[in-house]
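Heads up, the thing below is written out as structure tokens.
In UniProt numbering, the protein residues as written are 1 to 385.
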């Protein structure tokens, strides 16, 4: 193992305290800090120490793919780290978004190759399933709820113009596509009036509060109403949400550890000034009810839990060591990225040991041996599935 230094991404919706506090830096930070990236994604690769300086993990993988990735992983995914580990810290809602499946990503990327960069939906040929584990209480929108319940919510606002949307929703799951299409295709000149009518309606309750909150930031965005079709999820620490391909979702606030397939393919559906391609989003979305978006951890060994996901790009384990269990040994395949979140731990794969404190990470090559975690604290271990 060796220290891994991840870049912090400064997006407007980020927190000025969460990542800085995790890493023990002064608060508030100079800019909103939205994400800490711990991987080899070319958009913001992490770095390691080499010869008195630092080199990107991406360059190391290219120089020594057999050592870092192993022949089996290279055969499956090519010379690339197939996962990206992040700390995500949201003080404001992110955009409504969904991600393509592997086949859609490959075909979309090929079709986009001749388009100007600003008009591309697919910047790489990879899918992007995601798992987010809450480090604290966290709120998100994830997957469609029962459309009949959504019809009741929208009807309570008393906006006559929404009647075609209500009719679609009352048809159940079969009407979800039409409801979303109607909202996202709303005439541009009438969008501000529609959002204002909903946000100003004398309605109480959490859905009305969410509509007003979103409308304050996006007063002419029909995504405000699309958000009301989704499950609002409140995660306790250690609970997770799984976002497979075609799942419409948005984080609202809070801090979590996120692991995903290493892709940047995002199809947006609102709550953003960025481009929204309605037709392509409708093609990718899965119009089905997600009854329970929450994923609970599963114990796999003393001091170790995981959140099972049906992909082989990544797996995430949380290791807890303390006075009663000062060492945990893990036999995990492929390269490993370890992030300390509480306490102080040492990670050792036989090729080197690294002492970690919260917000700091280490990386180990596939050539390393059994991973041993010692000390008193909590660490997340990202590997391939």
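Note that beta-carbon positions come from the ideal geometry of N, C-alpha and C, so glycine has one too.
Q.
Please report the straight-line C-alpha distance between residue 163 and residue 98, rounded to a whole angstrom.
A. Annotation: residue 163 to residue 98 spans about 26 angstroms, alpha carbon to alpha carbon.
Q) Are the Cβ atoms of residue 262 and residue 126 separated by less than 8 angstroms? A) yes
(Q) DSSP three-state label for residue 350, please. (A) coil
(Q) Is it the case that the stretch 105-117 contacts the stretch 19-39, given that we only count it when at least three CB pairs across the two stretches are under 8 angstroms? (A) no
Q: Can you have a look at residue 227 and say buried or exposed, based on whether 16 or more other CB atoms are within 10 angstroms of its CB?
A: buried
Q. Across which residues does DSSP place residue 152 in a beta bridge pair?
A. Beta-bridge pairing links residue 152 to no other residue.
Q: Indicate the three-state DSSP secondary structure (helix, strand or coil) for residue 49 in the structure shown.
A: strand
Q: Entirely within the stretch 315-339 and at least 3 residues each: give me those beta strand (DSSP E) ranges in chain order.
A: 315-321 and 327-330
Q. Would you call the stretch 286-305 and the stretch 227-240 touching, i.e. three or more CB-CB distances under 8 angstroms?
A. As far as the Cβ criterion goes, the stretch 286-305 touches the stretch 227-240, which means the pair count is three or higher.
**Q.** Beta-bridge pairing of residue 384 - partner residues as DSSP gives them
**A.** None; residue 384 has no bridge partner.
Q: Would you please state the rounded distance, in angstroms, between the beta carbons of residue 265 and residue 123? I believe it to be under 8 angstroms.
A: 6 angstroms
Q.
I'd like to confirm something about residue 383: is its beta-carbon nearer than 7 angstroms to some heavy atom of the ligand ATP, or not?
A. By its list of ligands, the structure shown contains no ligand whatsoever, and the ligand ATP lies outside what it can speak to.
Q: Pick out the complete beta strand (DSSP E) segments inside the stretch 6-38, 3 residues or longer, and give them in chain order.
A: 35-38
(Q) Let me confirm a value: residue 378 is counted as buried when at least 16 other C-beta atoms fall within 10 Å, else exposed. Which label applies? (A) buried
Q. In whole angstroms, what separates the C-alpha of residue 276 from that of residue 46?
A. Taking the straight line joining both Cα atoms gives about 30 angstroms.
(Q) Assuming residue 255 is part of the beta strand (DSSP E), what are its boundary residues? (A) 249-261
Q) Roughly how far, in whole angstroms, is the beta-carbon of residue 347 from the beta-carbon of residue 353, given that I think they are within contact range, below 8 angstroms? A) Right, the Cβ-Cβ distance comes to about 7 angstroms (below 8 angstroms), so this counts as a contact.
Q | Of the residues 233, 212 and 195, the one placed nearest residue 221, counting alpha carbons only | A | 195
Q.
Using CA atoms only, rank isn't needed, just tell me which of 380, 214, 80 and 219 is closest to residue 307.
A. 380
Q | Cut-off 8 angstroms between Cβ atoms - residues of its own chain near residue 385, not counting five sequence neighbours on either side | A | 309, 311, 312, 313, 314 and 315
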